[in-house]
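Working notes, beginning with the structure itself.
Number of protein chains: 2
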Amino acid sequence: MNTAPSSRTQVKRGASKASYDPALLHAIVDAAYVCHVAFADAHGTHCIPTACWRSGDYLYIHGSNGSRMLQRLTEQDCCVTITHVDGLVLARSAFNHSMNYRSAMVYGRFEIVAEDAKRQTLVDFMEHLAPGRQAEIRPGNDKEFAATTVMRIALAEAACKVRTGPPDDDAEDMHIAAWAGVLPLGAARGTPVPDAYCAQPAPAYVKDWATS
Amino acid sequence: MNTAPSSRTQVKRGASKASYDPALLHAIVDAAYVCHVAFADAHGTHCIPTACWRSGDYLYIHGSNGSRMLQRLTEQDCCVTITHVDGLVLARSAFNHSMNYRSAMVYGRFEIVAEDAKRQTLVDFMEHLAPGRQAEIRPGNDKEFAATTVMRIALAEAACKVRTGPPDDDAEDMHIAAWAGVLPLGAARGTPVPDAYCAQPAPAYVKDWATS
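As they're listed, the protein sequences go chains G and S. In terms of my numbering, the first sequence opens at residue 1 and continues consecutively. In terms of my numbering, the second sequence opens at residue 1 and continues consecutively.
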């Protein structure tokens, strides 16, 4: 499980933190609302954040048909990266300071999701964001679907890198009288803010948002 | 203030959300612990997360001298992106769902920070992470500084994009009986975890971590 699927996914720096385990990759993708997509065109290399979701062994993104990025992504390989920062790691020397994190990099070529599958994948996306909500709202109409491109990339050529745990100090620094440990970071969910014109009671995915 | 500094920073999709205000750019960078850097080499386009900090009108990153990324970044322009996801925006139609976010994209070429300035910039970085900590720990030694490259990119050719506020529903959807509003997201700070061998009292930046 810990063999890189390709030469460009072979982690070289901090290789002990590398993992090629699909279950870890899926967990990192599922915890994300956005990914960063790197691609190139005549103007240079770009790094664009966009909403993402997973279904099976694919990562999905969507956007307007007119999007420059979506057009380019069918023509070339790209790199999709997701990063969760889990904490600041405070060591007894400046040099050994670090961060705890979980990151995933996926290489490959996006493909356009065909018209018939597109509608179901967008329902999957809604289910990921707010389980049960699709049945409450107005679903997409033909014009909206026609304006939307959905693309997917296989989660095949990928690498994860994870750091967890306390600082890794040099033995000769252990006597230093500095606090050492981890300052945790994570994703916070705040109290839902109803729209000014909303008279509806909050469904479970709203009521439980800040505490789940 | 709302004029793009170059053609490649001219936001085309959702241009009403674009800003080229340096104060906003600085605030987005200062709120980040990591950025994503996109660059290309013979193996393709890469998107690599790395720690970052700001000093003046530059964004700084650092790493091992042997880092492939740092070597490439002196040879070519790249794109550095920072994204903060602030909430899920739940509209009355599937199509009008959105996210609230603050993002910044910076284009340009990194330059290596010269040896004499390097040590001060790393002190700036520590001050950004944990104010006052630099005086408590063992500072870098010559060997550690020699192994570390610090690079900076001007915050000159940049664009920000921000969405805030409630859903933007179509007028004809306002009667739909679905909860509508924003599910806020943000960065959470957890209770500090002291290292098993740490007998030091927590300084202010640790004690106040989870509440500040």
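Glycine is no exception: its CB is placed at the ideal position from the N, C-alpha and C atoms. A quick note: this is a predicted structure, and the numbers were derived from the prediction, not measured.
Cα-Cα separation between S/Ala-116 and S/Ala-202, rounded to whole angstroms: First, the amino acid is wrong: residue 116 of chain S is Asp here, not Ala. Going by the C-alpha atoms only, they are around 32 angstroms apart.
Quick check on DSSP: helix, strand or coil for S/Ala-135? Secondary structure at S/Ala-135: helix, using DSSP grouped into helix, strand and coil.
G/Ile-112 burial status per 10 Å Cβ neighbour count (16 or more: buried): Exposed, because fewer than 16 other Cβ atoms sit within 10 Å of the Cβ of G/Ile-112.
Tell me whether S/Lys-161 sits in a helix, a strand or coil according to DSSP, three-state version. The answer is strand: DSSP assigns S/Lys-161 an E or B state.
Alpha carbon to alpha carbon, how far is G/Cys-198 from G/Ser-16? Give it in angstroms, no decimals. Distance between the alpha carbons of G/Ser-16 and G/Cys-198 is about 51 angstroms.
Go through its chain and collect everything with a Cβ distance to S/Tyr-58's Cβ below 8 angstroms, but skip five positions before and after it. Arg-152, Ile-153, Ala-154 and Leu-155
Taking a Cβ distance cut-off of 8 angstroms, strictly less, list which residues of the segment 27-44 of chain S are near chain G, in chain order. Tyr-33, Val-34, His-36, Val-37, Ala-38, Phe-39, Ala-40, His-43 and Gly-44
Check whether the Cβ atoms of S/Pro-45 and G/Thr-45 lie closer than 7 angstroms to each other. Reading off the sequence, residue 45 of chain S comes out as Thr, not Pro. Yes. Within cutoff.
Taking the alpha-carbon positions, what's the S/Val-11 to S/Asn-2 distance? 11 angstroms
Using 7 angstroms as the threshold, is the C-beta distance between G/Gly-87 and G/Leu-185 below it? Taking a C-beta distance under 7 angstroms as the contact criterion, G/Gly-87 and G/Leu-185 qualify as a contact pair.
Less than 7 angstroms between CB atoms is the rule here; does G/Cys-79 satisfy it with respect to chain S? Under the 7 angstroms criterion on CB atoms, G/Cys-79 is classed as interfacial with respect to chain S.
Say whether the segment 154-173 of chain S touches the segment 133-144 of chain S, bearing in mind that this needs 3 or more beta-carbon pairs closer than 8 angstroms, one atom from each stretch. As far as the Cβ criterion goes, the segment 154-173 of chain S does not touch the segment 133-144 of chain S, which means the pair count is below three.
Within chain S, partners of G/Ile-112 - CB distance below 8 angstroms: Ordered by position in chain S, no residue passes the 8 angstroms Cβ test against G/Ile-112, which lies about 18 angstroms from the chain.
Would you kindly work out how many angstroms separate the C-alpha atoms of S/Asp-77 and G/Ser-67, rounded to a whole number? If you draw a straight line from the Cα of S/Asp-77 to the Cα of G/Ser-67, it comes to about 22 angstroms.
Would you mind working out which of G/Val-29, G/Ala-210 and G/Ala-4 sits nearest G/Arg-60, comparing C-alpha positions? A small fix is needed here, since residue 60 of chain G is Tyr in this sequence, not Arg. Answer by Cα proximity: G/Val-29.
Cβ pair G/Cys-47, S/His-43 closer than 7 angstroms: no
When you compare only the Cα positions, how much space is there between G/Pro-5 and G/Met-69? 26 angstroms
In whole angstroms, what separates the C-alpha of G/Pro-167 from that of S/Val-150? 22 angstroms
Taking just the CA atoms, how far does S/His-97 sit from S/Gly-14? 14 angstroms
Between the CA atoms of G/Thr-148 and G/Phe-110 - distance to the nearest angstrom: 15 angstroms
Is the CB of S/Ala-4 under 7 angstroms away from at least one CB in chain G? no
Classify G/Glu-172: buried if its beta carbon has 16 or more other beta carbons within 10 angstroms, exposed otherwise. Looking at its Cβ environment, which holds fewer than 16 other Cβ atoms inside 10 Å, G/Glu-172 is exposed.
Distance, S/Ala-91 Cα to G/Phe-39 Cα: 31 angstroms
Based on the DSSP output, what are the partners of S/Ala-196 in its beta bridges? Per DSSP, none; premise fails for S/Ala-196.
Going by DSSP, what residue range makes up the beta strand (DSSP E) through S/Pro-184? 181-189
Could you list which residues in chain G have their beta carbon closer than 7 angstroms to that of S/Glu-144, in chain order? Contact annotation for S/Glu-144 against chain G: Phe-95 [CB-CB distance below 7 angstroms, chain order].
Residue ranges of each beta strand (DSSP E) run of no fewer than 3 residues wholly in the segment 87-151 of chain G, ordered along the chain? 98-108
Starting from G/Ser-16, find everything on chain S with Cβ-Cβ shorter than 7 angstroms and list it in chain order. Simply none; closest approach about 14 angstroms.
Threshold first: 4 residues or longer. Then list the alpha helix (DSSP H) segments lying entirely within the segment 3-62 of chain G, N to C. 22-30
Taking 7 angstroms as the CB-CB cut-off, is G/Pro-22 touching chain S? no
Under 9 angstroms Cβ-Cβ, which residues of chain G neighbour S/Gln-10? Neighbours of S/Gln-10 on chain G: none; closest Cβ ~10 angstroms, over 9 angstroms.
Distance cutoff 7 angstroms, beta carbons only. Does G/Glu-75 sit that close to anything in chain S? no
Taking Cβ-Cβ distances shorter than 8 angstroms, what residues in chain G pair up with S/Ile-48? Thr-81 and Met-105
Residues of the segment 170-192 of chain S with Cβ closer than 8 angstroms to any Cβ of chain G, in chain order: Asp-173, Met-174, Ile-176, Ala-177, Ala-178, Trp-179, Ala-180, Gly-181, Val-182, Leu-183, Pro-184, Leu-185, Gly-186, Ala-187, Ala-188, Arg-189, Gly-190, Thr-191 and Pro-192
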